[in-house]
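One structure below.
Protein chains: 2
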Amino acid sequence: MNIAILFGGSSYEHEISIVSAITMKKVLKKSTLTYIFVDANREFWLIDTDKINSKLFSSGEYKKSKSLTLKKGGFFTEGMFGSKKLDFDVVLNLIHGRDGEDGKIASLMEFFSIPYISPRLEASALSYNKLYTKFLARSLGVRTVDYEHLSKNDERKTTMPYPVIVKPVRLGSSIGVSIVKDASELDYALDVAFEFDTDVIIEPFIDGVKEYNQAGCFTNEWELSIVEEPHKEEFLDFEKKYMDFSRDSQVLSADIDETLKIKIQDAFKKIYDPLFKGSVIRCDFFVVDSEVMLNEINPIPGSMANYLFDDFEGMIERLSRHLPKDKDIKIDYQYIHSIQQAKGKA
Amino acid sequence: MNIAILFGGSSYEHEISIVSAITMKKVLKKSTLTYIFVDANREFWLIDTDKINSKLFSSGEYKKSKSLTLKKGGFFTEGMFGSKKLDFDVVLNLIHGRDGEDGKIASLMEFFSIPYISPRLEASALSYNKLYTKFLARSLGVRTVDYEHLSKNDERKTTMPYPVIVKPVRLGSSIGVSIVKDASELDYALDVAFEFDTDVIIEPFIDGVKEYNQAGCFTNEWELSIVEEPHKEEFLDFEKKYMDFSRDSQVLSADIDETLKIKIQDAFKKIYDPLFKGSVIRCDFFVVDSEVMLNEINPIPGSMANYLFDDFEGMIERLSRHLPKDKDIKIDYQYIHSIQQAKGKA
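Right, dumping it as structure tokens:
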């Protein structure tokens, strides 16, 4: 199979997308990979798979590559003798953060009829925004951590007992996130978060909370990863998460009993089906008093959470054969015809 | 000002978008109009403003027009001597239903840096889906009509007293909507709705409910339309709404007292600001016992609800000067540089 890896994007996570993309060479070994880079200016470039490395991008050397145009049915190179369609079977959307996770790439692929692995438009819009993720989870009967929502111009206060955690609603990879130990620190944490976003959520910071990650997808059946208990520090800052995005070796399952495992898997399935069909996502859960609560949805997880699966490459191939199809809408101009007839014009 | 009217789309409302677009010639008289048609196959065509009429599309004759390619910064015609950018100041998104209202067009304009009047991506995703509109309204403190949500595979039952109204969650213009008078009719109504969508909402059908429409936008100040009491029948079916989309003459304000008017305007402002900045929307409200409840958001109202405004053309021009800007994200490759340094490669 020929998989086009779409990466980069106009995103704070542009660089970690490059790291995720390069990692795919180590985990998709049997497939042919076609690398399509979206630069900071949102232009498309065809990157030589043999030569891909991070310096190609940081040095600007990628601009010597062929540029690509997005048109009906695919990406095209333009040459002397017209345009030529780039050959691949499916796009794997690996753009973290803005563009990739907010629904823009999904919209582009959908509009131009390109088969793609990624959350679709609605799934993206709801999971990119942590406030909307709360609405979604609650409507599906999945518990979440309590929260308060503040907009930029709202009064800066919280009724939550400290410590709390302040998060911009729309960013991933812990960007702009702060733990606030008492009221004196709140203002600064909000300044930081509002640098990145117009809206923030404030949640209780639960010291020593048990955290478990579950990734997976639905092909023609459920393909769920092991449940991972992520390495815990106070919380992962950007640089640590960044390194984390290049992971390619498998980890061990969390040491949890079957009951808890099933609870986590059930919560994952409720979130995933049907909204996230066509994508591989990772859900991060908190467990407090045996109660499973959704913390975050990672719609494009770092290096696609490959290290949590036994047969990641096989799953990607199966998923590409079971992508959701948008409804065909037949346009027959029956209303315009009937109006023209009524007017005596037809 | 040169306004590019983007219309058509792969949507059940493709034909009414054509009607809306043609109506703009009568209401945007001082502006230069550039017509960009999105055909059923999602290809772009430049339509001659002097020759536009509905038959051009129903006959397929539009295919003799110049085709357009969407690239960074605009729409381009391709010719012998390279590509030429189409000249206009702003796009007015007039695609009703799928593509236009679901966030795809917003994504395309945003991605390719084209200034546009339309709800942005998040606003589109939330208002295109009537279930998500409920979440949104409730989170903003705006009341809505009660509802139940059914997915295609759920058990077909409701606890609501009859009569009820069954609506597909994602369509406009009353497509797939039924009024259900008793339990014996429910199954058929659900069959109809599930023809169009995977999800429906069921609401009480409130006989004789007072309905009021409020349109508007925020330029550098609030520009709200008159409050309209729409012509009521049992409910508007598709053909009646269709004819309604070609309206271009002003209507009279509803005969309501100042208190109710202010309640309606306040509810509109809560919904609009800040999510819908950059767009002209119409909100349809029900009033029961002086309580204002959001019925629907029309993110791209028929003929842009021009008939509700005193100075529609002036407002569009002012709005085009006050469009929201996406945050610039500077990509400086500092993480990649620092990793390269750590590895001794730089």
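Taken in order, these protein sequences are the chains called A and B.
Here the first sequence is numbered in my numbering, starting from 1 and rising by one per residue.
Here the second sequence is numbered in my numbering, starting from 1001 and rising by one per residue.
From the three backbone atoms N, C-alpha and C, an ideal C-beta is built for every residue, glycine too.
Cβ neighbours of residue i in the same chain (closer than 6 Å, five flanking residues each side left out)
i: L1150 of chain B; result: V1200
i: A189 of chain A; result: V166, S178, V180
i: V287 of chain A; result: K210
i: F57 of chain A; result: I18
i: A1004 of chain B; result: T1034, I1036, F1088, V1091
Reduced DSSP secondary structure (H/G/I, E/B, other) of residue i
i: E1313 of chain B; result: helix
i: A1305 of chain B; result: helix
i: S1178 of chain B; result: strand
i: Y35 of chain A; result: strand
i: T49 of chain A; result: coil
i: T1023 of chain B; result: helix
i: E1195 of chain B; result: helix
i: L1070 of chain B; result: strand
i: L28 of chain A; result: coil
i: Y188 of chain A; result: helix
i: K1327 of chain B; result: coil
i: S1225 of chain B; result: strand
i: F218 of chain A; result: strand
i: L1086 of chain B; result: coil
i: F44 of chain A; result: strand
i: I1206 of chain B; result: coil
i: Y1012 of chain B; result: coil
i: F81 of chain A; result: coil
i: Y212 of chain A; result: strand
Proximity test, Cβ basis, 9 Å: residue i and chain A
i: N1041 of chain B; result: yes
i: K1130 of chain B; result: no
i: G1079 of chain B; result: no
i: S1122 of chain B; result: Rather than Ser, the amino acid found at residue 1122 of chain B in this sequence is Glu. By this cut-off, E1122 of chain B is an interface position.
i: G1167 of chain B; result: Here residue 1167 of chain B turns out to be Lys, not Gly, going by the sequence shown. Not an interface residue.
Exposure label - residue i; buried when at least 16 CB within 10 Å
i: F1309 of chain B; result: buried
i: I1165 of chain B; result: buried
i: D1257 of chain B; result: exposed
i: T34 of chain A; result: buried
i: W1222 of chain B; result: exposed
i: N322 of chain A; result: Per the sequence presented here, residue 322 of chain A reads as His, with Asn not at that position. Exposed: under 16 other Cβ atoms inside 10 Å.
i: F1282 of chain B; result: The sequence as given places Arg at residue 1282 of chain B; Phe does not occur at that position. Counting Cβ neighbours within 10 Å, R1282 of chain B comes out buried, since at least 16 surround it.
i: N1129 of chain B; result: buried
i: M1109 of chain B; result: buried
i: M24 of chain A; result: buried
i: G314 of chain A; result: exposed
i: G1216 of chain B; result: buried
i: G176 of chain A; result: buried
i: F1081 of chain B; result: exposed
i: T1077 of chain B; result: exposed
i: R1098 of chain B; result: buried
i: T259 of chain A; result: exposed
i: G302 of chain A; result: buried
i: G278 of chain A; result: buried
Min CB distance residue i to chain B below 9 Å
i: Y147 of chain A; result: no
i: D99 of chain A; result: yes
i: L94 of chain A; result: no
i: F135 of chain A; result: yes
i: E223 of chain A; result: no
i: F37 of chain A; result: no
i: T198 of chain A; result: yes
i: G112 of chain A; result: The question names Gly, but residue 112 of chain A is Phe in the sequence shown. Answer yes: the Cβ-Cβ gap between F112 of chain A and chain B drops below 9 Å somewhere.
i: G103 of chain A; result: yes
i: Q340 of chain A; result: yes
i: T69 of chain A; result: yes
Sequence-distant residues of its chain with Cβ nearer than 7 Å to residue i (five each side left out)
i: K1261 of chain B; result: V1227
i: Q250 of chain A; result: Y307
i: F276 of chain A; result: P119, A123
i: L1068 of chain B; result: I1036, F1044, W1045, L1046, F1075, F1076, T1077, L1086
i: P1230 of chain B; result: E1211, N1213
i: V1027 of chain B; result: D1248, N1306, F1312, E1313
i: I1206 of chain B; result: F1286, V1288
Check: residue i C-beta below 8 Å from any heavy atom of the ligand NAD
i: L140 of chain A; result: Summarising the ligand content, the structure contains no ligands, and the ligand NAD is consequently not present.
Close beta carbons around residue i, own chain, < 8 Å, minus the five adjacent residues each side
i: R156 of chain A; result: L150, L186, D187, L190
i: S351 of chain A; result: In this structure chain A extends from 1 to 346, so residue 351 of chain A is not present and cannot be described.
i: S1083 of chain B; result: T1069, K1071, F1076, T1077
- Taking only runs of the beta strand (DSSP E) that begin and end inside the stretch 88-162 of chain A, which ones reach a length of at least 3 residues, in chain order? Those beta strand (DSSP E) runs which fall completely within the stretch 88-162 of chain A and span 3+ residues are 90-93, 148-151.
- Secondary structure, beta strand (DSSP E): runs of 3+ residues fully inside the stretch 1243-1302 of chain B: For the stretch 1243-1302 of chain B, the continuous beta strand (DSSP E) assignments of 3+ residues that do not extend past its boundaries occur at 1281-1288, 1291-1298, in sequence order.
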